[in-house]
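**Student:**
Protein chains in written order, with the numbering used here: chain V, 1 to 113; chain E, 114 to 228.
1. Mind checking which residues open and close the beta strand (DSSP E) that includes residue 25 of chain V?
2. Since residue 4 of chain V sits in a beta bridge, which residues does DSSP pair it with?
3. I need the boundaries of the beta strand (DSSP E) containing residue 188 of chain E, first residue and last residue.
4. Only counting the same chain, and skipping five residues up and downstream in sequence, which positions put a Cβ closer than 7 Å to that of residue 188 of chain E?
5. From the beta carbon of residue 151 of chain V, is the nearest beta carbon of chain E less than 8 Å away?
6. Is any beta-carbon of chain E found at less than 8 Å from that of residue 101 of chain V?
7. Who are the neighbours of residue 42 of chain V on chain E, taking C-beta pairs under 8 Å?
8. State the Cα-Cα distance for the pair residue 55 of chain V and residue 104 of chain V, rounded to the nearest angstrom.
9. Looking at the C-beta of residue 147 of chain E, does it have a partner C-beta in chain V at a distance below 8 Å?
10. Starting from residue 114 of chain E, trace the beta strand (DSSP E) both ways and give me its first and last residue.
11. I'd like to know whether the C-beta of residue 214 of chain E is nearer than 8 Å to at least one C-beta of chain V.
12. Go to residue 144 of chain E, then tell me how far its beta strand (DSSP E) extends in each direction, as first and last residue.
13. Given a limit of 9 Å on CB to CB distance, which residues of the stretch 134-160 of chain E reach chain V?
14. Smallest Cα separation from residue 154 of chain E: which of V:111, V:73, V:86, V:10?
15. Report yes if the C-beta distance between residue 176 of chain E and residue 145 of chain E is below 8 Å; otherwise report no.
16. Hey, could you find the ends of the beta strand (DSSP E) residue 90 of chain V is sitting in?
17. Between residue 174 of chain E and chain V, is any beta-carbon pair separated by less than 8 Å?
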C-alpha cells in the first residue's frame with residue numbers, strides 16, 4: 001500500500017479482555033516495528049520483525065503481549081487480559097531494510113476501562 | 114546507558130522567528146540520528162536523518178540539523194517558523210549497524226507558534 005495502515009484507529013476495551021491490533025506495512029518493507037506511546041512517556045520499543053521472524057522482542061512488557069507477522073507483511077499485536085496501564089497509542093512502523101528510516105502508521109489508540 | 118534528552122518540553126515562538134530545538138544523546142556506538150514531527154491527529158513524519166558524511170543535514174519543510182559529535186548533540190533549526198510548524202518534535206537515535214535495530218526516543222518538544 002501507499003502507507004502503513006493500522007486498524008482499528010481507536011479501541012475501547014474492558015479490563016481483562018483480549019485485544020488484537022493490526023498493522024499493514026508498506027509493500028516490500030522487510031522490517032516492521034511496534035512501539036507504544038504513552039502520555040508524557042515518549043515512544044517505547046516493543047518488538048522488531050525482519051521478515052516473519054522477531055529477532056528482538058525485548059520491549060514486550062509482559063507475557064500478556066505477543067506479536068506475529070505472516071507472509072512478510074501484515075503483523076498483529078495481541079494483548080491478553082488487558083490492564084488499565086496498557087492504555088496507550090500503539091504505533092507500527094516499517095522500513096525497507098533495517099537501519100533505515102521508518103514510515104509510521106497513524107496508530108491505534110487503546111483505552112482500557 | 115543509551116538515552117536521548119530533549120531539554121525543552123515546550124517552546125513558543127512567533128511566526129517568522131527562528132527556531133532551534135535541542136537534542137542531546139548518550140549512545141555507545143556511532144549513532145544514526147533522526148528528527149520526526151507529529152502534528153495533532155497525525156502520524157510521525159520523518160523530517161531528516163543523519164547517517165554519515167556532512168554533519169549539516171537538510172530536511173523537509175525547511176528544517177536542518179547539525180550533528181556535533183563533541184557535544185553529543187543533534188539540534189534542529191529553522192530560520193523562519195510558519196504557523197503550520199506547530200507540532201510535537203521528537204529526536205531519536207539508533208545503531209548504524211549490528212543487531213540492535215530499535216530507536217531510542219526523546220520525550221519530545223511541543224512547539225507552539227504565535228501569529
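No residue lacks a Cβ here, since even glycine has one placed at the ideal position from N, Cα and C. None of the values given here were measured: they were computed from a predicted structure.
**Tutor:** So, to answer that:
1. Start at 1 with the first residue of the first chain, and residue 25 of chain V comes out as number 25. For residue 25 of chain V, no beta strand (DSSP E) run applies, since DSSP gives it neither H nor E.
2. Position 4 of the first chain, counted from the first residue, corresponds to residue 4 of chain V. BP columns for residue 4 of chain V are empty, so no partner.
3. Within the second chain, the letter at position 75 stands for residue 188 of chain E. Residue 188 of chain E -> beta strand (DSSP E) spans 186-191.
4. Counting from 1 along the second chain, the entry for residue 188 of chain E is found at position 75. Closer than 7 Å at the Cβ level, and outside the excluded window around residue 188 of chain E, lie 133, 134, 135, 136, 178, 179.
5. Any answer about residue 151 of chain V is impossible in this case: the structure gives chain V only from 1 up to 113.
6. For the purposes of this step, residue 101 of chain V is identified with residue 101 of the first chain, where counting begins at 1. Yes, residue 101 of chain V lies at the interface with chain E (some Cβ there is under 8 Å from its Cβ).
7. Here the question's residue 42 of chain V lines up with position 42 in the first chain. Residues of chain E passing the Cβ test: 203, 218, 219, 220, 221.
8. The sequence position of residue 55 of chain V within the first chain is 55, counting from 1. The sequence position of residue 104 of chain V within the first chain is 104, counting from 1. Rounded to whole angstroms, residue 55 of chain V to residue 104 of chain V spans 20 Å at the Cα level.
9. Position 34 of the second chain holds residue 147 of chain E. Against chain V, the CB of residue 147 of chain E has a partner CB under 8 Å away; the residue lies at that interface.
10. Translated into positions along the second chain, residue 114 of chain E becomes position 1. It is not in any beta strand (DSSP E) - residue 114 of chain E carries neither H nor E in the DSSP assignment.
11. Residue mapping note: residue 214 of chain E aligns to position 101 of the second chain, counting from 1. Yes, because at least one Cβ of chain V sits closer than 8 Å to the Cβ of residue 214 of chain E.
12. Translated into the one-based positions of the second chain, residue 144 of chain E becomes position 31. That run of the beta strand (DSSP E) goes 144-151.
13. Using a CB distance below 9 Å, the part of the stretch 134-160 of chain E facing chain V consists of 145, 147, 149, 151, 154, 155, 156, 157, 158, 159, ordered along the chain.
14. In the second chain, the residue the question calls residue 154 of chain E occupies position 41. Answer by Cα proximity: V:10.
15. The count along the second chain starts at 1 and reaches residue 176 of chain E at position 63. The count along the second chain starts at 1 and reaches residue 145 of chain E at position 32. With a cutoff of 8 Å on beta-carbon distance, residue 176 of chain E and residue 145 of chain E are scored as not near each other.
16. Here residue 90 of chain V corresponds to residue number 90 of the first chain, with the count starting at 1. 88-95 is the extent of the beta strand (DSSP E) around residue 90 of chain V.
17. Translated into the one-based positions of the second chain, residue 174 of chain E becomes position 61. Cβ-Cβ to chain V under 8 Å: no for residue 174 of chain E.
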